[in-house]
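K.L.:
Submitted below is the structure of interest, expressed as structure tokens.
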Amino acid sequence: MIDLARISPPNRCHNYLLVVRLDNARAIAAAYGEEAVHAAMAHLCAAAASLDPVEVREVHGDEMILLGHAAMLETDFVCARIEALCARVCLSPMPSQSGAIMLSVSVGHSDPVPGDLNDASALAEARARLERVAAPAAVAEPATAQGQACYRADMARAVRLLAQIANGETFFAWRPTFDPRSPERVLQHEALLRYAGEQGEQFDCCVAYEALERLGLAHLLDRHQVLRVLDELEADPRARLSIAISSQSLSFDLGGHGAAWTDFLARLERKPALAGRLTLEFHAAAACRFWPDTLTFLETLRELGVGLGLYGFGSGHASVRQLAVLRPNFIKLDSAFVRTAFLSERNRARIGQLFAQAQSLCDRIVLTGIETPAQIRLAVEEGAEWVTGARLDRASTRRAWTHLQASASDRAPALRTSVEAPASTAPVAFTPVRAWQSPVF
313 MIDLARISPP NRCHNYLLVV RLDNARAIAA AYGEEAVHAA MAHLCAAAAS
363 LDPVEVREVH GDEMILLGHA AMLETDFVCA RIEALCARVC LSPMPSQSGA
413 IMLSVSVGHS DPVPGDLNDA SALAEARARL ERVAAPAAVA EPATAQGQAC
463 YRADMARAVR LLAQIANGET FFAWRPTFDP RSPERVLQHE ALLRYAGEQG
513 EQFDCCVAYE ALERLGLAHL LDRHQVLRVL DELEADPRAR LSIAISSQSL
563 SFDLGGHGAA WTDFLARLER KPALAGRLTL EFHAAAACRF WPDTLTFLET
613 LRELGVGLGL YGFGSGHASV RQLAVLRPNF IKLDSAFVRT AFLSERNRAR
663 IGQLFAQAQS LCDRIVLTGI ETPAQIRLAV EEGAEWVTGA RLDRASTRRA
713 WTHLQASASD RAPALRTSVE APASTAPVAF TPVRAWQSPV F
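Just add 312 to wherever you are in the sequence shown, counting from 1, and you've got this note's numbering.
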């Protein structure tokens, strides 16, 4: 054990007791067998042992107990270290005969206590924090043979997507949200994850991303992608960007209690002006998931100045009353309503009804699924200020905001003015994958 007394002042001689749980242990056992769980725990032990200063104390079933020395750390830095540990483990798939397997872990920690932490109170404290962790991967256990086959197929897709990101094969295409009367007037550009085909064509990553969601691991990619969008905002002060994230990600308790989005928050605290040009979009179904965590997460981002967008309005099961609590900056109507609007008078009338409902929640309404001139005319007739679609002004790798010198009248008003925050020293950022590179066409 490290001699803490020799390297730290007396008030820094503290340790943390960490309880690490393999969240998807039951799912792995069902899909790959119990031997895969044993291999996963050995993989976790090796990953934990490589961290300094961490010492593996005990392994039992799908849990292990670590002793984390805090001599080199500030006492409020433990959550960032926990997030780094979880990211390192979860974004490094474990090799197996049946294919690589992504592991999901959650960590509970005790308060810093001098000495060896052999007392039961520290263990109870760590377990209590572990119980408060939101672990989406823990609910993805397949119960049938078909479900187990789907789990393995989803795992293969997710692992392949991570490899593409690590190899620099993915990039962002940017889809504008614009005024249907004046297309040059743009509210913002949405980041869409793409990869290039053999002939340079673009393919979206929706299938692999949906696989990550079913595995309960979408939050891992979301946090990484949001940081990439922050890079774009930092590179160009004219950019106003948005990115859609999973409802699984709307929590600060992913991986550990208070141990999620730490690097993202640190960057916004250092450069608060970025928040006012960033919008995080989430599905209306978020009102039904992780409800207490969701409110805390969204309220914190709102206070920092980050814009909040709600998409899929009209297709979810959440009530208008539930959605009102989320207080989004703008709402996107589900694209299915525009695509079917010309099939019947009833379908056309439904657009106006949804507009009225959405306007009871916020002032900015976006019509999605706009692909034809007829749909543009529909949007204008319905009074839509903003539209977006796949074919009209389609997504492009070209960063339009860097090329167009829009006049003041062409600039859409910002979603929210960021609040100045005091600068803070951020923890060392953990980069799980190599810096991305846009392909050359």
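We treat Cβ as the ideally placed atom computed from N, Cα and C, and that holds for glycine.
If the criterion is Cβ atoms closer than 7 Å, does the pair Pro549 and Val692 meet it?
P.N.:
For Pro549 and Val692, no; Cβs fall outside 7 Å.
K.L.:
Roughly how many whole angstroms lie between the Cα atoms of Asp374 and Ala396?
P.N.:
Each residue's Cα considered, the two are about 20 Å apart.
K.L.:
Give every residue of the same chain whose Cβ lies closer than 8 Å to the Cβ of Ser410, excluding the five residues on either side of it in the sequence, and list them in chain order.
P.N.:
Here the set comprises Tyr344, Ala348 and Arg464.
K.L.:
For the alpha helix (DSSP H) holding Pro685, just list the boundary residues, first then last.
P.N.:
Residues Pro685 to Glu693.
K.L.:
Distance check for Arg526 and Ser498, CA to CA, integer angstroms please.
P.N.:
Here residue 498 is Val; the residue named in the question, Ser, does not match the sequence. Each residue's alpha carbon lies about 34 Å from the other.
K.L.:
When the distance is taken between beta carbons, is Ala352 closer than 7 Å to Leu379?
P.N.:
It is not a contact, given that the beta carbons lie outside the stated cut-off.
K.L.:
So what's Phe536 in DSSP terms, helix, strand or just coil?
P.N.:
Looking at the sequence provided, one finds His at residue 536 rather than Phe. Looking at His536 - three-state DSSP - the assignment turns out to be helix.
K.L.:
Is Thr606 near Lys644, with beta carbons less than 7 Å apart?
P.N.:
No, Cβ-Cβ distance for Thr606 and Lys644 is not below 7 Å.
K.L.:
Helix, strand or coil for Leu330? Go by DSSP, reduced to three states.
P.N.:
In the structure shown, Leu330 sits in a strand (DSSP, three-state: E or B).
K.L.:
With distances taken between CB atoms, is the gap from Ala434 to Leu329 smaller than 7 Å?
P.N.:
Closer than 7 Å, so yes.
K.L.:
Tell me where the alpha helix (DSSP H) around His355 begins and ends.
P.N.:
That run of the alpha helix (DSSP H) goes Glu346 to Ala361.
K.L.:
Apart from the five residues just before and just after Leu539, which ones in its own chain have a Cβ nearer than 8 Å to its Cβ?
P.N.:
Cβ within range, chain order: Asp575, Phe576 and Arg579.
K.L.:
To the nearest angstrom, report how far apart Gly570 and Phe564 are at their CA atoms.
P.N.:
Their Cα atoms are separated by approximately 5 Å.
K.L.:
Once DSSP output is grouped into helix, strand and coil, what is the label at Trp573?
P.N.:
If DSSP states are grouped into helix, strand and coil, Trp573 belongs with coil.
K.L.:
Hey, how far is the Cα of Arg472 from the Cα of Glu694?
P.N.:
Their Cα atoms are separated by approximately 43 Å.
K.L.:
Taking DSSP as the reference, what is the three-state secondary structure of Gln514?
P.N.:
Note: Gln514 maps to strand in three-state DSSP.
K.L.:
Is it true that the CB of Ile557 sits closer than 7 Å to the CB of Asp534?
P.N.:
Cβ atoms of Asp534 and Ile557: closer than 7 Å.
K.L.:
Taking buried to mean at least 16 other C-beta atoms within 10 Å of its own C-beta, is His372 buried or exposed?
P.N.:
Under this definition His372 is an exposed residue.
K.L.:
Can you say whether Val541 is buried or exposed, counting buried as having 16 or more other CB atoms within 10 angstroms of its CB?
P.N.:
Buried, because 16 or more other Cβ atoms sit within 10 Å of the Cβ of Val541.
K.L.:
Just to confirm my understanding: we take Glu367, look at its own chain, exclude 5 residues before and 5 after, and list those with CB closer than 6 Å. What are they?
P.N.:
Cβ neighbours of Glu367 beyond the five flanking positions: Leu379.
K.L.:
Cα separation between Arg487 and Ala503?
P.N.:
So the two alpha carbons sit approximately 7 Å from each other.
K.L.:
Is the Cβ of Cys391 closer than 7 Å to any Cβ of chain C?
P.N.:
Chain labels in this structure do not include chain C; a single protein chain is all it has.
K.L.:
Please determine if the stretch 611-618 and the stretch 583-590 are in contact, where contact requires at least 3 C-beta pairs separated by less than 8 Å.
P.N.:
The stretch 611-618 is in contact with the stretch 583-590.
K.L.:
Do you know how far the Cα of Phe649 is from the Cα of Ala702?
P.N.:
Roughly 15 Å separates the two Cα atoms.
K.L.:
Name the DSSP bridge partner or partners of Met376?
P.N.:
DSSP, once it has assigned bridges, lists Val332 and Val371 as partnering Met376.
K.L.:
Starting from the N-terminal side, write out each stretch of the beta strand (DSSP E) that is 3 residues or longer and does not extend beyond the stretch 635-668.
P.N.:
Within the stretch 635-668, the complete beta strand (DSSP E) runs of at least 3 residues are 642-645.
K.L.:
Measuring CB atoms only, is the stretch 474-481 touching the stretch 663-671, in the sense that at least three cross pairs come out at less than 8 Å?
P.N.:
No, they do not touch.
K.L.:
Would you list the residues sitting across from Pro488 in a DSSP beta bridge?
P.N.:
Paired residues: His501.
K.L.:
Unbroken beta strand (DSSP E) runs of length 3 or more, entirely within the stretch 393-478: which are they?
P.N.:
Listed in chain order, they are 417-421.
K.L.:
Counting along the chain, where does the beta strand (DSSP E) carrying Arg676 start and finish?
P.N.:
Unbroken beta strand (DSSP E) run through Arg676: Arg676 to Thr680.
K.L.:
In the DSSP assignment, find the unbroken beta strand (DSSP E) run with Glu481 in it and report its ends.
P.N.:
Looking at the DSSP string, Glu481 is not in any beta strand (DSSP E), and its letter there is neither H nor E.
K.L.:
Where does Gln687 land, buried or exposed, given buried means 16+ other C-beta within 10 angstroms?
P.N.:
That one is buried.
K.L.:
For Pro640 versus Leu622, is the C-beta distance shorter than 7 Å?
P.N.:
Cβ distance < 7 Å, so Pro640 and Leu622 count as in contact.
K.L.:
Just to check my reading of the structure: Gly628 and Ala596 have Cβ atoms closer than 8 Å, yes? What is that Cβ distance to the nearest angstrom?
P.N.:
Gly628 to Ala596, Cβ: 4 Å. Contact.
K.L.:
Relative to the C-alpha of Val699, which residue among Ser708, Glu683 and Val678 is closest?
P.N.:
Of the candidates Ser708, Glu683 and Val678, the one whose C-alpha sits nearest the C-alpha of Val699 is Val678.
K.L.:
Rounded to the nearest angstrom, what separates Arg689 and Arg710 at their Cα positions?
P.N.:
Cα to Cα, the separation comes out at about 27 Å.
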